[in-house]
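Visitor:
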């Protein structure tokens with residue numbers, strides 16, 4: 005039966021309403037204001053959706069990709085994504101989630117980290133339709149008078165009221181004046197691009213609210229705010245490169261698959277909601293089955309790993325990664341492809357051996373892995389980082405469950 009135009013329009017409107025509801029709820033911690041934003045999304049107006057990212061590292065992990073997928077949902081509804089690259093603010097660093105003063109980036113470090121950003125973000129967003137702005141564009145023009153005029157609208161009490169600053173104050177830990185200024189700079193970004201909506205992590209709520217206030221100062225309509233849930237890292241803490249608990253979106257499929265399979269069982273549902281396109285109704289069913297012990301968590305992790313690897317690399321690489329995982333972890337065999345290293349010395353200190361074979365990136369990492377019983381040589385756990393190893397051809401060196409090297 006052929007549908008008429010009126011019926012087709014109704015179906016499209018129903019589908020749009022479902023997508024709007026998912027945008028407003030999936031992975032969302034808070035929306036200010038939800039009713040107002042819902043009304044804007046239902047209208048035909050094209051919104052400017054702002055998201056800022058500081059180039060604090062060269063790789064983007066899947067925790068930082070959570071807001072990018074939310075931007076993708078807005079983009080698919082026809083809205084304008086405005087991506088703010090914090091080449092200026094990145095040299096200061098956002099202190100929203102920090103319990104200590106973070107190391108400042110140099111301008112050169114920021115530029116180096118920026119090189120691969122567009123390519124990585126392009127795995128998620130249609131970059132041809134993204135408006136990319138660098139906040140040095142306006143901050144390099146700002147003079148001290150401009151900054152002071154902006155700062156006069158706020159108080160020190162407001163700035164240090166945020167939880168992590170209060171904790172640092174109570175502990176006597178230093179709080180830099182540049183850290184206090186950061187929310188003003190992020191807020192000014194919203195004014196500079198005339199943002200209608202800003203997306204950020206829930207720990208950035210304070211900064212996003214400052215953006216609303218600054219827009220009012222400059223007679224702009226205040227942006228709506230959407231904060232998102234935090235994706236836990238492999239160990240359950242916040243995903244952070246400095247803690248080494250990350251899954252990078254550019255990780256090779258097999259490495260990505262193995263890392264996802266290693267997450268704690270209690271993180272499965274968070275990963276399904278924040279990192280996949282699995283319908284929320286299906287996630288609810290999975291939750292009930294897990295609670296009733298009607299399904300093995302490992303089976304859900306396999307599904308989760310397939311979906312995440314497919315999103316970033318495609319279905320075929322995801323299938324191959326799963327096959328490799330089964331080969332190495334279930335059947336206890338060596339990977340089908342293994343790094344090879346040629347060592348000229350007849351013997352080496354264990355730390356030097358791990359670094360030369362690229363099993364560890366540094367002696368410090370090598371020592372940490374040994375102390376965690378994470379290093380094996382020919383299946384024997386290595387416990388003494390001072391040990392000298394006699395080099396033999398064919399020797400298999402293993403770190404954890406995913407890194408192998410064969411001496412040739």
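Numbering (my numbering), first residue to last: 5 to 412.
Heads up, the beta-carbon is just placed ideally off N, CA and C, and yes, glycines get one too.
1. Does the separation of the CB atoms of residue 354 and residue 385 fall below 8 angstroms?
2. Please report the residue range of the alpha helix (DSSP H) in which residue 208 lies.
3. Compute the Euclidean distance between the alpha carbons of residue 197 and residue 327, then round it to the nearest angstrom.
4. Output the distance between the C-alpha atoms of residue 368 and residue 237, rounded to the nearest integer angstrom.
5. Name the DSSP bridge partner or partners of residue 55?
6. Roughly how far, in whole angstroms, is the beta-carbon of residue 253 from the beta-carbon of residue 66, given that I think they are within contact range, below 8 angstroms?
7. Mind the definition here: the region 76-89 touches the region 50-62 only if three or more C-beta pairs lie below 8 angstroms; say whether that holds.
8. Does DSSP put residue 351 in a helix, a strand or coil?
9. Per DSSP, what kind of secondary structure is residue 103 in: helix, strand or coil?
10. Which residue spans inside the region 219-278 form an unbroken alpha helix (DSSP H) run of at least 4?
11. What are the boundary residues of the alpha helix (DSSP H) that residue 15 is part of?
12. Taking just the CA atoms, how far does residue 29 sit from residue 277?
13. Using the three-state DSSP reduction, which class does residue 145 fall into: helix, strand or coil?
14. For residue 409 and residue 363, which I take to be in contact (beta-carbon distance under 8 angstroms), what is that distance rounded to the nearest angstrom?
15. Within 10 Å of its beta-carbon, does residue 248 have 16 or more other beta-carbons around it, so buried, or fewer, so exposed?
16. Provide the residue span of the beta strand (DSSP E) that contains residue 330, from first to last.
17. Just the C-alpha distance for residue 142 and residue 117, rounded to the nearest angstrom, thanks.
18. Expressed to the nearest angstrom, what Euclidean distance is found between the alpha-carbon atoms of residue 343 and residue 258?
19. For a quick check, are the C-beta atoms of residue 173 and residue 128 less than 8 angstroms apart?
20. Check whether the region 181-195 and the region 210-221 touch, using three or more Cβ-Cβ pairs below 8 angstroms as the test.
21. Under 8 angstroms Cβ to Cβ from residue 164, same chain only, skipping five residues before and after it: list those, please.
22. Alpha carbon to alpha carbon, what distance is there between residue 411 and residue 280?
23. Evaluate the contact criterion for the region 306-321 versus the region 264-275: three or more CB pairs, one atom per stretch, below 8 angstroms.
24. Going by DSSP in three states, residue 387 sits in which element: helix, strand or coil?
25. When burial is assigned at 16 or more other CB atoms within 10 Å of the CB, is residue 152 buried or exposed?
26. Quick one: grab the DSSP three-state call for residue 48.
27. What did DSSP end up calling residue 96 once you bin it into helix, strand or coil?
28. What do you get for residue 194, buried or exposed, if any count of 16 or more other CB atoms within 10 angstroms of its CB means buried?
29. Does the distance from the C-beta atom of residue 359 to that of residue 366 stay below 8 angstroms?
30. Could you tell me the distance, in whole angstroms, from the CA atom of residue 298 to the CA atom of residue 304?
31. Is the beta carbon of residue 272 sitting closer than 8 angstroms to the one on residue 301?
32. Are there 16 or more other CB atoms within 10 angstroms of the CB of residue 59, so buried, or fewer, so exposed?
33. Run through DSSP, which three-state label would residue 323 get?
34. Just verifying my parser: in three-state terms, what is the DSSP assignment at residue 296?
35. Just reading off the beta strand (DSSP E) that residue 407 is part of, what are its end residues?
Guide: Let me spell this out:
1. Counting from one through the chain shown, the residue named residue 354 turns up at place 350. Counting from one through the chain shown, the residue named residue 385 turns up at place 381. Remark: C-beta atoms of residue 354 and residue 385 do not approach each other more closely than 8 angstroms.
2. Locating residue 208 in the chain shown gives position 204, counting from the first residue. Segment: none, residue 208 is in no alpha helix (DSSP H) and carries neither H nor E.
3. By one-based count along the chain shown, residue 197 stands at place 193. By one-based count along the chain shown, residue 327 stands at place 323. Near 47 angstroms, if we compare the C-alpha coordinates of residue 327 and residue 197.
4. Reading the chain shown from its first residue, position 364 is the one you call residue 368. Reading the chain shown from its first residue, position 233 is the one you call residue 237. Rounded to the nearest whole angstrom, the C-alpha separation of residue 368 and residue 237 is 22 angstroms.
5. Reading the chain shown from its first residue, position 51 is the one you call residue 55. 87, per the DSSP bridge assignment.
6. Translated into the one-based positions of the chain shown, residue 253 becomes position 249. Translated into the one-based positions of the chain shown, residue 66 becomes position 62. In this structure residue 253 touches residue 66 by the C-beta definition: roughly 6 angstroms separates them, less than 8 angstroms.
7. Taking 8 angstroms as the limit for Cβ pairs, the verdict is that the region 50-62 does touch the region 76-89.
8. Walking along the chain shown from the start, residue 351 turns up at place 347. Of the three classes helix, strand and coil, the one that applies to residue 351 here is strand, per DSSP.
9. Start at 1 with the first residue of the chain shown, and residue 103 comes out as number 99. Confidence at residue 103 is low in this model, with a pLDDT of 47, below 50, so its placement is unreliable and no value can be given for it.
10. Qualifying alpha helix (DSSP H) stretches, in chain order: 257-265.
11. Within the chain shown, numbered from 1, the residue matching residue 15 stands at position 11. 9-29 is the span of the alpha helix (DSSP H), which, as asked, contains residue 15.
12. Taking the chain shown and counting its residues from 1, the one referred to as residue 277 is at position 273. Taking the chain shown and counting its residues from 1, the one referred to as residue 29 is at position 25. Residue 277 and residue 29: Cα-Cα distance of roughly 10 angstroms.
13. Taking the first residue of the chain shown as position 1, residue 145 is located at position 141. In the three-state reduction of the DSSP assignment, residue 145 falls in the coil class, being assigned neither a helical nor a strand state.
14. Along the chain shown, read from residue 1 onward, the residue named residue 409 stands at position 405. Along the chain shown, read from residue 1 onward, the residue named residue 363 stands at position 359. Contact between residue 409 and residue 363 holds, since their C-beta atoms are separated by about 5 angstroms, short of 8 angstroms.
15. Working through the chain shown from its first residue, we reach residue 248 at position 244. Answer is exposed; the Cβ neighbour count stays below 16.
16. Against the chain shown, residue 330 aligns to sequence position 326. Element bounds for residue 330: n/a, residue is neither H nor E.
17. By 1-based counting over the chain shown, the position of residue 142 is 138. By 1-based counting over the chain shown, the position of residue 117 is 113. In a straight line, the C-alpha of residue 142 is about 21 angstroms away from that of residue 117.
18. For this step, residue 343 is matched to residue 339 along the chain shown. For this step, residue 258 is matched to residue 254 along the chain shown. Taking the straight line joining both Cα atoms gives about 14 angstroms.
19. For the purposes of this step, residue 173 is taken as residue 169 along the chain shown, with counting starting at 1. For the purposes of this step, residue 128 is taken as residue 124 along the chain shown, with counting starting at 1. When the beta-carbon positions are compared, residue 173 and residue 128 stay at least 8 angstroms from each other.
20. With the cut-off at 8 angstroms, the region 181-195 and the region 210-221 touch.
21. What you label residue 164 is simply residue 160 of the chain shown in a count that begins at 1. Answer for residue 164: 170, 173, 179 and 184, listed in chain order.
22. Here residue 280 refers to the residue found at position 276 of the chain shown. Here residue 411 refers to the residue found at position 407 of the chain shown. Cα-Cα distance, rounded: 39 angstroms.
23. Under the Cβ criterion (8 angstroms, minimum of three pairs), the region 306-321 counts as touching the region 264-275.
24. Walking along the chain shown from the start, residue 387 turns up at place 383. Looking at residue 387 - three-state DSSP - the assignment turns out to be coil, as it is neither helix nor strand.
25. As a first step, residue 152 must be located in the chain shown, where it is residue number 148. When all chains shown are included, residue 152 counts as exposed.
26. Start at 1 with the first residue of the chain shown, and residue 48 comes out as number 44. Per DSSP, reduced to three states, the secondary structure at residue 48 is coil, with no helix or strand assignment.
27. Looking up residue 96 in the chain shown gives position 92. In the three-state DSSP reduction, residue 96 falls in the coil class, being neither helix nor strand.
28. Start at 1 with the first residue of the chain shown, and residue 194 comes out as number 190. Counting C-beta atoms within 10 angstroms of its own C-beta, residue 194 has 16 or more neighbours from the protein chains shown and is therefore classed as buried.
29. Here residue 359 refers to the residue found at position 355 when the chain shown is read from its first residue. Here residue 366 refers to the residue found at position 362 when the chain shown is read from its first residue. In this structure, the beta-carbon distance from residue 359 to residue 366 falls below 8 angstroms.
30. For this step, residue 298 is matched to residue 294 along the chain shown. For this step, residue 304 is matched to residue 300 along the chain shown. Using only the alpha carbons, I get a separation of about 11 angstroms.
31. For the purposes of this step, residue 272 is taken as the residue at position 268 of the chain shown. For the purposes of this step, residue 301 is taken as the residue at position 297 of the chain shown. Yes, the pair counts as a contact, with Cβ atoms nearer than the cut-off.
32. In the chain shown, residue 59 corresponds to position 55, counting from 1. Flag for residue 59 reads buried.
33. What you label residue 323 is simply residue 319 of the chain shown in a count that begins at 1. Helix, per DSSP.
34. One-based indexing of the chain shown puts residue 296 at position 292. The answer is coil: DSSP assigns residue 296 none of H, G, I, E or B.
35. On the chain shown, residue 407 is found 403 positions in, with the first residue counted as 1. Residue range 407-411 is occupied by the beta strand (DSSP E) that includes residue 407.
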